[in-house]
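Trainee: First residue of the sequence shown? That's 263 in my numbering, and the numbers climb one at a time after it. Ideal Cβ positions, reconstructed from N, Cα and C, are used throughout, including at glycine.
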Amino acid sequence: MARVKAIGILTSGGDSPGMNAAIRAITRSAICQGFKVFGIYRGYDGLINDEIKPFTSENVSNIIQRGGTILKSARSKAFTTPEGRKKAYENMQAHGIDALIVIGGNGSLTGARIFAEEFDVPCIGLPGTIDNDLYGTDLTIGYDTTLNTIVQCVDKIRDTANSHERIFLVEVMGRDAGFLAQNSALASGAEAAIIPEDSTDADQLEHFIGRGIRKSKNSSIVIVSESPKCGALYYAERVRKEYPQYDVRVSILGHLQRGGSPSARDRILASRLGAGAIDAILDGQRNVMIGIRNDIVVYVPFSDAIKKEKPIDKSLIKVLDELSI
Numbered sequence: 263m264a265r266v267k268a269i270g271i272l273t274s275g276g277d278s279p280g281m282n283a284a285i286r287a288i289t290r291s292a293i294c295q296g297f298k299v300f301g302i303y304r305g306y307d308g309l310i311n312d313e314i315k316p317f318t319s320e321n322v323s324n325i326i327q328r329g330g331t332i333l334k335s336a337r338s339k340a341f342t343t344p345e346g347r348k349k350a351y352e353n354m355q356a357h358g359i360d361a362l363i364v365i366g367g368n369g370s371l372t373g374a375r376i377f378a379e380e381f382d383v384p385c386i387g388l389p390g391t392i393d394n395d396l397y398g399t400d401l402t403i404g405y406d407t408t409l410n411t412i413v414q415c416v417d418k419i420r421d422t423a424n425s426h427e428r429i430f431l432v433e434v435m436g437r438d439a440g441f442l443a444q445n446s447a448l449a450s451g452a453e454a455a456i457i458p459e460d461s462t463d464a465d466q467l468e469h470f471i472g473r474g475i476r477k478s479k480n481s482s483i484v485i486v487s488e489s490p491k492c493g494a495l496y497y498a499e500r501v502r503k504e505y506p507q508y509d510v511r512v513s514i515l516g517h518l519q520r521g522g523s524p525s526a527r528d529r530i531l532a533s534r535l536g537a538g539a540i541d542a543i544l545d546g547q548r549n550v551m552i553g554i555r556n557d558i559v560v561y562v563p564f565s566d567a568i569k570k571e572k573p574i575d576k577s578l579i580k581v582l583d584e585l586s587i
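Take a look at the structure:
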């Protein structure tokens, strides 16, 4: 395999706090090792539309503390087609880019895996998603900041919940993963978390009402993982119908969870993983995600990171149950 000389960086899918810290780390580590660096704007769409610029160390000055991504992001329909990927590859060749580092979540890394297979391009992924749902890494970039944002919001909601003796259902992001809901419930002292991983035959709402608010509490906070079918609005409607004696309110935190300056933990994680991506290229690695396990940087094959399900620690459910009496 020919030696890599130039590296392209892009951010794709939903933004997450710490992406800029990762861009900075990749750029400076790459330059330090003698690589040329190119910033690709607006994700895979930018690769197709030739929104590609040379990057120097100055391009990434004063960005480690900024949320979002200076490279912008997009969800690219064109990249899902063979024609779109071919155009992306031609633009890479035109700029002399011979390796790609993609910062994003499941969909972004899936795109990188397909692209790498079709055109034999070394692709390295960084786990940039607030959901913390990628297999093979203990943490993803942005998760810690988002968790702290949710806890700050729930602390404020509790003040009004206590004042009005209400049940508050707070909906948080996470899609099919309950890491944000479960851990923010623990950290904020919420009475319960309704998460996809706990969707057994037992009714989670009945379990919460039965053991919590019926006994001793006039107000309660329940954190609910977002879901098109059974999110916070669904459970609020059930409370109104099945337990009309309770005053229920819904707070959907939405996109404010994505924003904000990254936490120290996310900045450190992003910096380590960004530098790790350059180490991986020097090591001849390809088609791997850079993760962290037991505080050690590891290489995770794309197929594992994307396809394997990351388990939630079920003991957390027990702890939350015990502490919410």
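1) If you compare alpha carbons, which of 403, 343 and 525 is closest to residue 234?
2) Between which residues of its own chain and residue 531 is the CB-CB distance below 7 Å, once the five residues before and five after are set aside?
3) Mind checking which residues open and close the alpha helix (DSSP H) that includes residue 459?
4) Which residue from 409, 387, 428 and 578 puts its Cα closest to that of residue 288?
5) On the three-state DSSP scale, how would you describe residue 502?
6) Work out the CA separation of residue 551 and residue 275 for me, nearest whole Å.
7) Does residue 280 get closer than 8 Å to chain D when you measure Cβ to Cβ?
8) Return yes when the C-beta of residue 545 is under 7 Å from any heavy atom of the ligand MN, and no when it is not.
9) Considering only residues of the same chain and omitting the five flanking positions on each side of residue 449, which have a CB-CB separation below 6 Å?
10) Is the separation between the beta-carbon of residue 549 and that of residue 328 shorter than 8 Å?
11) Quick one: give me the first and last residue of the alpha helix (DSSP H) that residue 392 is part of.
12) Within 10 angstroms of its Cβ, does residue 558 collect 16 or more other Cβ (buried), or is it exposed?
13) Kindly indicate which three-state DSSP category residue 490 falls into: helix, strand or coil?
14) Determine the direct distance from the alpha carbon of residue 266 to that of residue 543, and round the result to whole angstroms.
15) Would you identify the three-state DSSP class for residue 435, choosing helix, strand or coil?
16) Please list, in chain order, all residues of the same chain as residue 254 whose beta carbon is under 6 Å from its beta carbon, the five residues on each side excluded.
17) Using the rule of at least 16 other Cβ atoms within 10 Å of the residue's Cβ for burial, across every protein chain shown, is residue 384 buried or exposed?
18) So which of 355, 347 and 361 has the shortest CA-CA distance to residue 292?
19) Could you name the residues that DSSP lists as bridge partners for residue 454?
20) Quick one: measure Cβ to Cβ for residue 350 and residue 310, integer angstroms, because I've assumed they're closer than 8 Å.
21) Counting only the same chain and skipping the five closest in sequence on each side, list residues whose C-beta sits under 8 Å from that of residue 300.
22) How is residue 278 classed by DSSP in three states: helix, strand or coil?
23) According to DSSP, residue 561 sits in a beta bridge with which residue or residues?
24) Alpha carbon to alpha carbon, how far is residue 295 from residue 430? Give it in angstroms, no decimals.
25) Are at least three pairs of beta-carbons, each pair with one atom in the stretch 406–423 and one in the stretch 511–527, less than 8 Å apart?
26) Would you mind sorting residue 502 into buried or exposed? The rule is 16 or more other CB atoms within 10 Å of its CB.
27) Pick helix, strand or coil for residue 477, following the three-state DSSP scheme.
28) What does the Cβ neighbour count give for residue 425, buried or exposed, with the cut at 16 atoms within 10 Å?
29) Is the CB-CB distance between residue 457 and residue 484 below 8 Å?
Mentor: This is what the structure gives:
1) The shown model of the chain, from 263 to 587, leaves out residue 234, and the question about it has no answer.
2) 280, 401, 403 and 554
3) Here residue 459 belongs to no alpha helix (DSSP H), and DSSP marks it neither H nor E.
4) 387
5) helix
6) 16 Å
7) Of the protein chains in the structure, only one exists, and it is not chain D.
8) No copy of the ligand MN occurs in the structure displayed, which carries no ligand at all.
9) 413
10) no
11) No alpha helix (DSSP H) contains residue 392, which DSSP labels as neither H nor E.
12) exposed
13) coil
14) 8 Å
15) coil
16) Residue numbering for the chain in the displayed model covers 263 to 587; residue 254 lies beyond these limits and cannot be assessed.
17) buried
18) 361
19) 484
20) 5 Å
21) 268, 269, 270, 271, 314, 315, 316, 317, 357 and 359
22) coil
23) 552
24) 52 Å
25) yes
26) exposed
27) Note that residue 477 scores a pLDDT of 48, beneath 50, so its modelled location is shaky; the value from the coordinates is reported in the next line. Coil.
28) exposed
29) no
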